[in-house]
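Worksheet: the structure to be examined is printed underneath.
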Amino acid sequence: MSVTEVPESAPNTETGTARPSYLDWSNRGRGAGWWYLAGTATIIFVWVFGSVLLAIPLLLDPGAINADGSFNLGSVWLNNLVALLTFVPLFVAVLLVVRLIHGRPWRTVITPFRSFSFRMVGIGAAVWTGLLLLGLLVGVAFGTDELEWVFDSAVFFPNLIVLLALLFIQTTAEELFFRGYLVQWFGLVTRSRWLQSAVIGFVFMVPHMLNPEVADLGGL
């Protein structure tokens with residue numbers, strides 16, 4: 016089956032203006048809903064299968080995985096290293112599915128433009144950092160009994176290296192899949208940004224409810 020040739024910057028079909036959106040690529044290339052269904056199934060399969068392959072050596076050691084699914088490998092940095100590596104299959108799967116199944120450049124899952132805007136990434140990072148600092152300040156001001164200053168260089172620096180090297184893999188993989196690929200799929204159903212955010216936000220929340228820290232905070 017041939018794939019429709021598309022420009023690097025797709026027109027904004029919703030408003031007719033010159034400002035495009037990555038959602039304008041939802042129905043381009045192989046953009047029918049069942050292609051997204053096949054793509055989503057492929058992504059999830061590769062993610063799960065790849066994660067299981069990485070975890071096989073750990074499964075042979077009964078003490079390597081806790082009852083809540085977290086790793087117990089004897090050090091924080093090693094636990095984080097293995098946990099972050101499980102997102103590599105997801106990261107790769109999304110890029111390959113967009114290119115091979117939908118027949119369009121991988122970057123169209125996040126931007127309609129030829130080049131990636133690092134300026135916008137910087138703005139987003141600055142806003143998110145500001146929100147984190149605001150939350151920390153509120154915690155210091157109103158919840159000092161729950162905060163404790165702990166620093167162990169033997170734990171901190173190896174963990175810092177792992178996080179700087181691999182944390183972006185986890186965050187990028189999740190954003191590509193949930194807020195990129197799935198939002199584009201849902202964009203075939205509705206162009207309402209609020210409805211897209213609410214539905215995909217809920218889908219994003221569900222697997223994260225299994226995280227141990229969520230249980231520690233009492234769930235919702």
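Numbering (my numbering), first residue to last: 16 to 235.
Using N, Cα and C, we set each Cβ at its ideal position, and we do this for glycine too.
query	result
Buried versus exposed, by CB contacts within 10 Å (16 or more), Leu52	exposed
Local conformation of Leu225 per DSSP, three classes	coil
Nearest neighbour of Ile116, chosen from Leu93, Met220 and Ala56 [CA to CA]	Ala56
Phe157 classed as buried or exposed, judged by whether at least 16 other C-beta atoms fall within 10 angstroms	exposed
CA nearest to the CA of Asn42, picked from Val214, Phe192, Val198 and Phe217	Val198
Helix, strand or coil at Glu163 [DSSP, three-state]	coil
Element boundaries [alpha helix (DSSP H), containing Glu189]	Ser168 to Glu189
Inter-residue Cα distance where the pair is Ala173 and Pro35	Note on residue identity: the sequence assigns Pro, not Ala, to residue 173. If I take the Cα positions, the gap works out to 43 Å.
Three or more C-beta pairs below 8 Å linking the segment 178-193 and the segment 93-111	yes
Nearest-angstrom beta carbon gap, Val103 and Ile184 [assumed within contact, 8 Å]	6 Å
Alpha helix (DSSP H) runs contained entirely in the segment 91-134, provided each spans 4 or more residues	91-100 and 103-111
Beta-carbon spacing of Gly54, Val124 below 8 Å	no
Where Ala47 sits in the DSSP three-state scheme	coil
CB contact flag (Val91, Val170, <8 Å)	yes
Val109 vs Phe219 beta-carbon contact at 8 Å	no
Supposed close pair Gly154, Leu162 - CB separation, criterion 8 Å	6 Å
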